Amino acid sequence: GVLPTANPEEAFKDVAAAFLVGAMPRKEGMERKDLLAANIRIFKEQGMALDKVARKDVKVLVVGNPANTNAIICSKYAPSIPKENFTAMTRLDQNRAQSQIAAKLGVPVKDVKNIVIWGNHSSTQFPDPSNGVVTIGGVQKPVPAAINDEEYLKTTFVSTVQKRGAAVIAARKMSSALSAAKAASDHMKDWFLGSGDRWVSMGVVS
1 GVLPTANPEE AFKDVAAAFL VGAMPRKEGM ERKDLLAANI RIFKEQGMAL
51 DKVARKDVKV LVVGNPANTN AIICSKYAPS IPKENFTAMT RLDQNRAQSQ
101 IAAKLGVPVK DVKNIVIWGN HSSTQFPDPS NGVVTIGGVQ KPVPAAINDE
151 EYLKTTFVST VQKRGAAVIA ARKMSSALSA AKAASDHMKD WFLGSGDRWV
201 SMGVVS
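Numbering (full-length UniProt numbering), first residue to last: 1 to 206.
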């Protein structure tokens, strides 16, 4: 069943997986640093509750931005849980990057893999296609060779992925919804079950 609650200790009791999405929302014109002060209070409280009542092998995914910073804050206040069990979501950026490559090549998104996201989930991230693989006509090819346009990969591709979040906010007047939920589901599924030969991007507290 589903237990609706505003009490973190009640919500996190014996959980094996925690999706932390409840951060201060980012609005048009805001940078993630603007969200930091409000989120320290939120993620301190959640970290303390996880430390007290969650399983010690709980897998924690921080979705709320700034995700990397919030994951570190949460981990700091949950010292009995291994640091590496706290992750920040960059899967949304990976999904966006692979979608851009798929659209450029005219193939289904499922046929693109191993695009890597370096850095924070922000405009400073770097989407890296250098190890990407695409399947075209049943044959696997390196993404750089299939695209065959180094200038595109270094400029338009990178900036499109970096600025996608801001573009969504400009269009919707709020941040992404279903695409973020799909990315969170992808992240946790692969963490629990593995991803075979497909690479996965996530921020991990170390």
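Backbone N, C-alpha and C fix where the C-beta goes; we use that ideal spot for every residue, glycine too. It should be emphasised that the depicted structure is a prediction, and the values quoted were computed from it without experimental measurement.
Excluding the 5 residues flanking it on each side, Arg198 has same chain C-beta neighbours closer than 6 angstroms at Lys113, in chain order.
Annotation for Asp186: the continuous alpha helix (DSSP H) segment containing it runs Leu178 to Leu193. Taken through DSSP and simplified to helix, strand or coil, Ile73 comes out as helix.
Scanning its chain for C-beta atoms nearer than 8 angstroms, with the 5 sequence neighbours on each side dropped, one finds around Glu84 the residues Val204, Val205 and Ser206, in chain order. The segment 68-79 and the segment 100-117 do not touch, with fewer than three beta-carbon pairs separated by less than 8 angstroms. Residue pairing of Thr155 in beta bridges, as defined by DSSP: absent, with no partner found.
One Cα belongs to Asn70, the other to Gly137, and the distance between them is close to 42 angstroms. Going by DSSP, Leu20 is part of the beta strand (DSSP E) stretching over Ala17 to Leu20. Listed in chain order, the non-local C-beta contacts of Thr124 below 8 angstroms within the same chain comprise Gln162, local neighbours out to five positions each way being set aside. With the rule of 3 Cβ pairs closer than 8 angstroms, the segment 51-67 counts as touching the segment 87-95. Restricting attention to Asp93, Lys154, Thr160 and Val116, the CA atom closest to the CA of Ala181 is found in Asp93. Per the coordinates, the alpha-carbon of Val21 lies some 33 angstroms from the alpha-carbon of Gly106. Put simply, the backbone Cα of Asp128 is about 35 angstroms away from that of Glu45.
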